[in-house]
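S.K.: In the numbering used here, the protein residues as written are 75 to 917. Note that beta-carbon positions come from the ideal geometry of N, C-alpha and C, so glycine has one too. Computed from a predicted structure; not experimentally measured. One structure coming up, written as structure tokens, with questions to follow.
As structure tokens, then:
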């Protein structure tokens with residue numbers, strides 16, 4: 075089948091090309107034919123051959139003359155021997171001399187012969203021969219007696235003429251042979267060229283004949299294809315469910331298919347309107363549609379079509395127009411969209427109803443989840459406070475069960491709340507600089523106790539490509555990894571769980587997180603659905619695994635929101651591999667140093683375990699600091715004064731040193747100077763000053779001698795964590811009148827160290843305050859060191875009013891003023907009254 079491209083290419087390109095080639099070949103054939111003819115004519119009248127004949131005749135004529143001359147000389151000699159008188163007849167000799175002279179003169183004077191002789195190189199020889207003949211002519215013109223007398227001399231002169239004529243004849247023959255060969259070669263070449271051109275012309279004419287035959291086939295096939303296309307189009311139009319109306323450019327209707335007749339109610343073929351503009355109206359305005367260039371430029375539009383009975387229906391109109399050989403045709407395709415619009419309206423109503431129900435469900439879930447989280451947080455807080463006060467082992471076990479159940483319920487509520495939030499608004503991703511390696515390490519550290527409870531080993535492998543700062547949503551990324559690791563921990567017993575982090579080189583970096591476990595694995599029929607909501611892989615009848623089936627669903631939503639991908643590979647009985655890939659851009663900014671977590675209702679920094687040295691002379695302060703640090707996961711060593719502190723720092727490497735200022739034997743300032751100036755392993759360790767109070771100039775002095783930060787007592791959990799993380803912690807502003815007991819600080823302290831330790835701290839405060847009160851009431855002098863020590867203890871235990879007055883009394887001591895002992899006495903009484911009842915109960 076000939077393609078449309080071939081059909082257009084043949085007549086437009088090949089035919090003119092072939093005609094041009096035929097014309098060129100005909101011109102070449104004519105040129106070569108004329109050249110052959112001219113060459114033949116030239117050979118027929120060749121001057122070279124005439125010259126050759128003339129020179130050859132010259133040689134013959136010379137020989138005839140020479141024969142006559144030799145005979146005459148011979149006769150003269152014979153006559154002289156006999157003594158008879160000489161009666162020679164020289165008329166025939168003179169005749170042949172005249173012939174020879176005339177021949178030579180012709181060769182010299184005639185331009186035709188002269189040029190030919192010069193081409194042959196014989197002209198000089200002929201000229202010399204003619205000169206000698208001219209010399210003989212004088213003798214030949216004498217009377218016979220005188221001629222007879224000089225015949226010997228004439229004979230002698232003719233010898234040179236013979237050689238000249240012979241050489242000229244030879245040279246002329248050579249020229250003739252050369253020219254003849256050239257002529258034959260040129261004629262042969264011309265004939266060959268003429269034959270080639272003739273052959274090419276015949277070939278082109280044959281190709282032209284083939285082309286015309288092919289064009290005939292193309293035209294025939296085109297006609298057949300056109301007839302078939304016409305039949306197909308006719309069939310399509312006749313069977314099309316859409317109405318087709320054909321008009322001219324003025325909109326006058328020329329043809330309608332059966333569907334159009336049925337749409338417009340003219341099935342009988344009688345149409346009362348002549349123009350399509352009488353049938354179409356704009357859907358929005360109801361105005362009649364005008365046919366023109368503006369309408370043709372639309373190609374499609376929405377309209378109202380009017381039937382024969384005057385009723386109207388919504389229609390989608392498509393149109394196309396074509397100008398062929400001066401005839402303009404416009405085709406309108408009309409589709410009744412009444413059913414579609416009705417269906418769309420019903421679908422919108424159904425969708426609105428479904429969305430309203432979904433919004434109501436999401437709102438209900440969000441509200442109820444929020445409402446449930448509040449009492450659950452309260453339950454967990456009370457459990458934590460009460461648990462340490464339970465003495466009986468059975469009661470502690472019951473409280474641990476209550477705490478675990480409440481935590482599990484809170485986890486489920488949080489999952490439901492996340493799902494509701496995602497469905498309502500979608501996960502929100504907030505980018506910030508993040509250290510991926512540190513985030514993963516902190517997460518592994520926080521989940522390790524949970525993994526160890528099931529006999530599992532938790533590992534972390536971070537590739538070099540994943541180290542550094544990246545732009546990421548740390549909270550969402552942590553939630554993804556926490557859910558994946560928590561899922562692995564739940565389904566693995568006495569096994570191994572590994573988090574692998576690597577970055578694939580690209581822009582942005584494709585950060586891949588893989589969680590591998592040696593757990594029970596996932597059945598093949600469950601792998602495709604594990605990331606769906608409420609899908610749980612049952613452990614079997616012998617064991618029940620807690621879970622709502624929402625964790626992996628949350629992972630799926632978060633990964634999608636971050637533009638990543640996820641998947642799982644598992645072999646039942648062997649283990650599972652969950653992987654997540656998210657695109658992360660590298661960041662030029664430093665990552666945020668802290669990760670937020672909530673402890674006892676407080677948002678604090680989450681730190682890796684540290685080895686901390688407490689240098690404090692007050693046992694109660696040491697107890698409180700130890701409880702805070704150990705419950706935060708740190709290792710603690712105590713020193714009772716500066717001397718012990720310097721010795722410990724000289725022998726062991728600590729991550730941080732908490733240093734009191736006023737201590738016996740060696741103050742905190744002097745101890746810090748010795749530590750910094752020594753060569754011990756803790757010479758560059760973070761050292762925090764913990765004075766009872768510090769004026770601005772004192773803070774500056776502390777920092778100059780080597781302290782990294784100054785934390786005045788009371789030391790809150792938030793401020794201590796920030797200082798241990800290396801952050802600068804500004805001083806706490808004085809707040810004027812303060813309460814006897816700072817309830818907020820007491821709550822934080824109970825949350826940090828537990829109720830029993832808090833009670834012991836208050837007991838110690840009461841004892842030391844009672845001793846100071848006895849000194850005051852007895853009128854005995856009070857040492858400034860005792861005031862300073864009690865001020866620090868009071869601040870630590872939250873006795874804010876007493877701590878404030880003790881700091882003021884110490885300042886008066888330093889400035890040489892007499893402290894206000896009466897006010898201080900009243901404050902001690904109020905403090906003792908406040909802590910007299912059961913302190914933890916008061917809390």
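#1: For residue 722 versus residue 733, is the C-beta spacing smaller than 8 Å?
#2: Could you have a look at residue 760 and say whether DSSP puts it in helix, strand or coil?
#3: By DSSP, does residue 692 sit in helix, in strand, or in coil?
#4: Quick one: what's got a C-beta closer than 7 Å to residue 862's C-beta in the same chain, skipping five residues either side?
#5: Exposed or buried, which one is residue 262 when buried takes at least 16 other CB atoms within 10 Å?
#6: What residues are listed by DSSP as bridge partners for residue 321?
#7: Short of 7 Å in beta carbon distance, which residues of its chain neighbour residue 739, apart from the five on each side in sequence? Order them along the chain.
#8: Check whether the Cβ atoms of residue 314 and residue 333 lie closer than 8 Å to each other.
#9: Out of 302, 90, 201, 353, which has the shortest C-alpha to C-alpha gap to residue 319?
#10: Quick one: Cα of residue 396 to Cα of residue 371, how far?
#11: Rounded to the nearest angstrom, how far is the Cβ of residue 743 from that of residue 784, given a contact under 8 Å?
#12: Taking the beta carbon of residue 445 as the centre, do at least 16 other beta carbons fall within 10 Å, making it buried, or is it exposed?
#13: Please go through the same chain and pick out, in chain order, the residues whose beta-carbon is closer than 8 Å to the beta-carbon of residue 128, but skip the five residues on each side of it.
#14: Can you tell me which of the three DSSP states residue 901 falls into?
#15: Quick one: is residue 878 buried, meaning 16 or more other Cβ sit within 10 Å of its Cβ, or exposed?
#16: Return the CA-CA distance between residue 284 and residue 270, expressed in angstroms with no decimal places.
#17: Just to confirm my understanding: we take residue 649, look at its own chain, exclude 5 residues before and 5 after, and list those with CB closer than 6 Å. What are they?
#18: Taking DSSP as the reference, what is the three-state secondary structure of residue 567?
#19: Could you check what DSSP says for residue 735 in three-state terms: helix, strand or coil?
#20: Report back the beta-carbon spacing between residue 719 and residue 713 to the nearest angstrom; my notes put them in contact at under 8 Å.
#21: Do you know whose CA, among 629, 168, 823, lies nearest residue 792's CA?
#22: Can you tell me whether residue 331 is buried or exposed, with buried defined as 16 or more other CB within 10 angstroms of its CB?
#23: Under 8 Å, with one C-beta from each stretch per pair, do the stretch 557-565 and the stretch 626-636 reach the 3-pair mark?
#24: Excluding the 5 residues preceding and the 5 following residue 606 in the sequence, name in chain order all residues of the same chain whose CB lies nearer than 7 Å to its CB.
#25: Measure the Cβ-Cβ separation of residue 788 and residue 843 and say whether it is below 8 Å.
#26: From residue 240 to residue 203, what does the alpha carbon distance come to, in whole angstroms?
#27: For residue 35, does the three-state DSSP call read helix, strand or coil?
#28: Check for me: the beta strand (DSSP E) holding residue 643 runs from which residue to which?
#29: So the alpha helix (DSSP H) residue 590 belongs to, where does it begin and stop?
#30: Can you tell me whether residue 881 is buried or exposed? The criterion is at least 16 other CB atoms within 10 Å of its CB, across all chains shown.
#31: Measure from the alpha carbon of residue 728 to the alpha carbon of each residue in 798, 109, 282, then state which is nearest.
#32: Quick one: what does DSSP say residue 708 is sitting in, helix, strand or coil?
#33: Please classify residue 725: is it buried, with 16 or more other beta-carbons within 10 angstroms of its beta-carbon, or exposed?
#34: Determine the contact status of residue 661 and residue 543, defining contact as a CB-CB distance below 8 Å.
#35: To the nearest angstrom, how far is it from the Cα of residue 521 to the Cα of residue 568?
#36: Excluding sequence positions up to five away, which residues of its chain have a Cβ less than 6 Å from the Cβ of residue 703?
M.R.: The short version:
#1: Walking along the chain shown from the start, residue 722 turns up at place 648. Walking along the chain shown from the start, residue 733 turns up at place 659. It is not a contact, given that the beta carbons lie outside the stated cut-off.
#2: Stepping through the chain shown from its first residue, residue 760 is reached at position 686. Note: residue 760 maps to strand in three-state DSSP.
#3: Taking the chain shown and counting its residues from 1, one reaches residue 692 at position 618. Reduced to three states, the DSSP call for residue 692 is coil.
#4: Locating residue 862 in the chain shown gives position 788, counting from the first residue. Within the same chain, residue 862 has close Cβ partners 736, 766, 884.
#5: Along the chain shown, read from residue 1 onward, the residue named residue 262 stands at position 188. So residue 262 ends up on the exposed side.
#6: By 1-based counting over the chain shown, the position of residue 321 is 247. 327, 404, per the DSSP bridge assignment.
#7: Counting from 1 along the chain shown, the entry for residue 739 is found at position 665. Correct list, in chain order: 715, 716, 717.
#8: The count along the chain shown starts at 1 and reaches residue 314 at position 240. The count along the chain shown starts at 1 and reaches residue 333 at position 259. Yes. Within cutoff.
#9: Numbered from its first residue, the chain shown carries residue 319 at position 245. Taking only the C-alpha atoms, the option nearest residue 319 is 353.
#10: Working through the chain shown from its first residue, we reach residue 396 at position 322. Working through the chain shown from its first residue, we reach residue 371 at position 297. Going by the C-alpha atoms only, they are around 13 Å apart.
#11: On the chain shown, position 669 is the one that residue 743 refers to. On the chain shown, position 710 is the one that residue 784 refers to. About 11 Å; that fails the 8 Å criterion.
#12: If you number the chain shown from 1, residue 445 lands on position 371. Only weak support exists for where residue 445 lies, its pLDDT of 49 falling under 50; the value from the coordinates is given anyway. It counts as exposed.
#13: Your numbering for residue 128 matches position 54 in the chain shown. Cβ within range, chain order: 177, 180, 181, 187.
#14: Within the chain shown, the letter at position 827 stands for residue 901. Note: residue 901 maps to helix in three-state DSSP.
#15: Translated into the one-based positions of the chain shown, residue 878 becomes position 804. Looking at its Cβ environment, which holds 16 or more other Cβ atoms inside 10 Å, residue 878 is buried.
#16: For this step, residue 284 is matched to residue 210 along the chain shown. For this step, residue 270 is matched to residue 196 along the chain shown. When rounded, the distance between both Cα atoms is 21 Å.
#17: Working through the chain shown from its first residue, we reach residue 649 at position 575. The beta carbon of residue 649 is closer than 6 Å to those of 591, 592, 593, 595 in its chain, skipping five residues each way along the sequence.
#18: Position 493 of the chain shown, counted from the first residue, corresponds to residue 567. Note: residue 567 maps to coil in three-state DSSP.
#19: Position 661 of the chain shown, counted from the first residue, corresponds to residue 735. Residue 735: coil per DSSP, three-state reduction.
#20: The residue labelled residue 719 in the question sits at position 645 within the chain shown. The residue labelled residue 713 in the question sits at position 639 within the chain shown. About 4 Å separates the two Cβ atoms, so the contact holds.
#21: To locate residue 792, count along the chain shown from 1; it is residue 718. Per the Cα distances, 823.
#22: For this step, residue 331 is matched to residue 257 along the chain shown. Under this definition residue 331 is a buried residue.
#23: A contact exists between the stretch 557-565 and the stretch 626-636.
#24: Position 532 of the chain shown, counted from the start, is the residue given in the question as residue 606. The beta carbon of residue 606 sits closer than 7 Å to those of 627, all from its chain and outside the five residues before and after it, given in chain order.
#25: Locating residue 788 in the chain shown gives position 714, where the first residue counts as 1. Locating residue 843 in the chain shown gives position 769, where the first residue counts as 1. No, the Cβ-Cβ distance between residue 788 and residue 843 is not below 8 Å.
#26: Taking the first residue of the chain shown as 1, we reach residue 240 at position 166. Taking the first residue of the chain shown as 1, we reach residue 203 at position 129. Answer to the nearest angstrom: the Cα atoms are 10 Å apart.
#27: Residue 35 is absent from the model: the chain starts at 75 and stops at 917.
#28: Taking the chain shown and counting its residues from 1, the one referred to as residue 643 is at position 569. 639-645 is the span of the beta strand (DSSP E), which, as asked, contains residue 643.
#29: In the chain shown, counting from the first residue as 1, residue 590 sits at position 516. Counting along the chain, residue 590 falls outside any alpha helix (DSSP H), though it belongs to the beta strand (DSSP E) covering 583-591.
#30: Numbered from its first residue, the chain shown carries residue 881 at position 807. Buried.
#31: In the chain shown, counting from the first residue as 1, residue 728 sits at position 654. Closest option to residue 728, Cα to Cα, is 798.
#32: The sequence position of residue 708 within the chain shown is 634, counting from 1. Of the three classes helix, strand and coil, the one that applies to residue 708 here is coil, per DSSP.
#33: Numbered from 1 along the chain shown, position 651 holds the residue referred to as residue 725. Exposed: under 16 other Cβ atoms inside 10 Å.
#34: Here residue 661 refers to the residue found at position 587 of the chain shown. Here residue 543 refers to the residue found at position 469 of the chain shown. Yes.
#35: By 1-based counting over the chain shown, the position of residue 521 is 447. By 1-based counting over the chain shown, the position of residue 568 is 494. Between residue 521 and residue 568, the C-alpha separation is close to 15 Å.
#36: By one-based count along the chain shown, residue 703 stands at place 629. Only 686, 710 meet the Cβ criterion.
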